[in-house]
Amino acid sequence: MSLNKRKSKGIVSWPEGERPRERLLRQGAHSLTDAELIAILLRVGIKGVNAVELARQILEKFGSVRALLEVPLSALFEIKGLKGAKAAQLVAAMELARRISLPDSRQRIIFKKTKEVAEYLRSRLQGLTEEHFRVLLLNRRGILLEDALLTVGSVGKAGPSTRLLVSRALSANASAVIVGHNHPSGAAQPSESDKLFTEELVRVLTPIGVKLLDHVIIGDGLVFSFADSGLMNEISLSSQA
Numbered sequence: 009m010s011l012n013k014r015k016s017k018g019i020v021s022w023p024e025g026e027r028p029r030e031r032l033l034r035q036g037a038h039s040l041t042d043a044e045l046i047a048i049l050l051r052v053g054i055k056g057v058n059a060v061e062l063a064r065q066i067l068e069k070f071g072s073v074r075a076l077l078e079v080p081l082s083a084l085f086e087i088k089g090l091k092g093a094k095a096a097q098l099v100a101a102m103e104l105a106r107r108i109s110l111p112d113s114r115q116r117i118i119f120k121k122t123k124e125v126a127e128y129l130r131s132r133l134q135g136l137t138e139e140h141f142r143v144l145l146l147n148r149r150g151i152l153l154e155d156a157l158l159t160v161g162s163v164g165k166a167g168p169s170t171r172l173l174v175s176r177a178l179s180a181n182a183s184a185v186i187v188g189h190n191h192p193s194g195a196a197q198p199s200e201s202d203k204l205f206t207e208e209l210v211r212v213l214t215p216i217g218v219k220l221l222d223h224v225i226i227g228d229g230l231v232f233s234f235a236d237s238g239l240m241n242e243i244s245l246s247s248q249a
């Protein structure tokens, strides 16, 4: 069967050995591509587009499976044929994956080194197609009290509200804060707006007795730490001048 003819028909018309669900049962989930795994969740496609092709369209739009973890339901609805049950099944699977990636709520998370913070934030931010800004609220011993996603969007253009961040810090009775965001471009070097935003955070947090320990930027396999680079110290000193 030619590729074009197969594209015009549903997966049920494919040879059994090529169908994603049958291959998963016979060879294991590891043998399937991301698109084929998503196709199993979707079950069927739409007229003229089989489930695998629809899955590829989803991946092309959002960039990666990891990016799907943060995609709102409204964004999925923008894809033709992705409504109701299909969208619900996909969102449910992504939410389960997100929850599995989170640490056990019964276990305390303590940050003592930049490497630990970087690994934690990388698991939440790397691979996303939009900038996500998170704040980690800590007590005096470095124990994580709360991890909050404040905004989705450019820190320079539509960055998180410093007022909201201060409110979250006070509500959690935090003694220290670490902020982090990703650069979808893959670069990890801070922009001028990243530096200015960090300076603003120091100015608003210091008067309420909350210390900004670090601003971590996650790129494509790269991490930049304001603390490790010395920028955090420079900003703190300049704010006292």
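Going by our numbering, the residue at position 164 of the sequence shown is 172; the numbering climbs one at a time, nothing skipped. The beta-carbon is built from N, C-alpha and C at its ideal position, and this holds for glycine as well.
Non-local C-beta neighbours of Arg51 in its own chain, meaning closer than 7 Å and more than five positions away in sequence, comprise Ala59, ordered along the chain. Beyond the five residues adjoining it in sequence on each side, Leu221 comes within less than 8 Å, by CB distance, of Leu146, Ala184, Val185, Ile186, Ala235, Met240 in the same chain, given in chain order. For the pair of segments examined, the region 148-162 was found not to touch the region 87-103: the number of CB pairs separated by less than 8 Å stays below three.
Residue state for Ile48 is assigned as helix, using DSSP reduced to three classes. Residue burial annotation: Thr41 is exposed, with fewer than 16 other C-beta atoms found within 10 angstroms of its C-beta.
Selection Asn181, Ala180, Ser199 evaluated against His189 yields Ser199 as nearest (Cα-Cα). In this structure, Leu153 is the residue among Lys55, His223, Glu61, Leu153 with its C-alpha nearest to the C-alpha of Ser179.
Distance from Ala105 to Leu81 at the Cβ level is roughly 16 Å; contact not present, criterion being Cβ atoms closer than 8 Å. Pairing Arg142 with Asp228, the inter-Cα distance amounts to about 17 Å.
For Lys219, the three-state secondary structure derived from DSSP is strand.
If you ignore the 5 residues before and after Val174, its C-beta comes within less than 6 Å of the C-beta of Val212, all in its own chain and listed in chain order. The beta-bridge partner set that DSSP reports for Glu78 is empty. By the neighbour-count definition (other C-beta atoms within 10 Å, threshold 16), Gly217 is an exposed residue. One Cα belongs to Ser169, the other to Ser39, and the distance between them is close to 44 Å. Here Pro28 is buried. Its C-beta has 16 or more other C-beta atoms within 10 Å. Here DSSP, grouped into helix, strand and coil, assigns Ile87 to coil.
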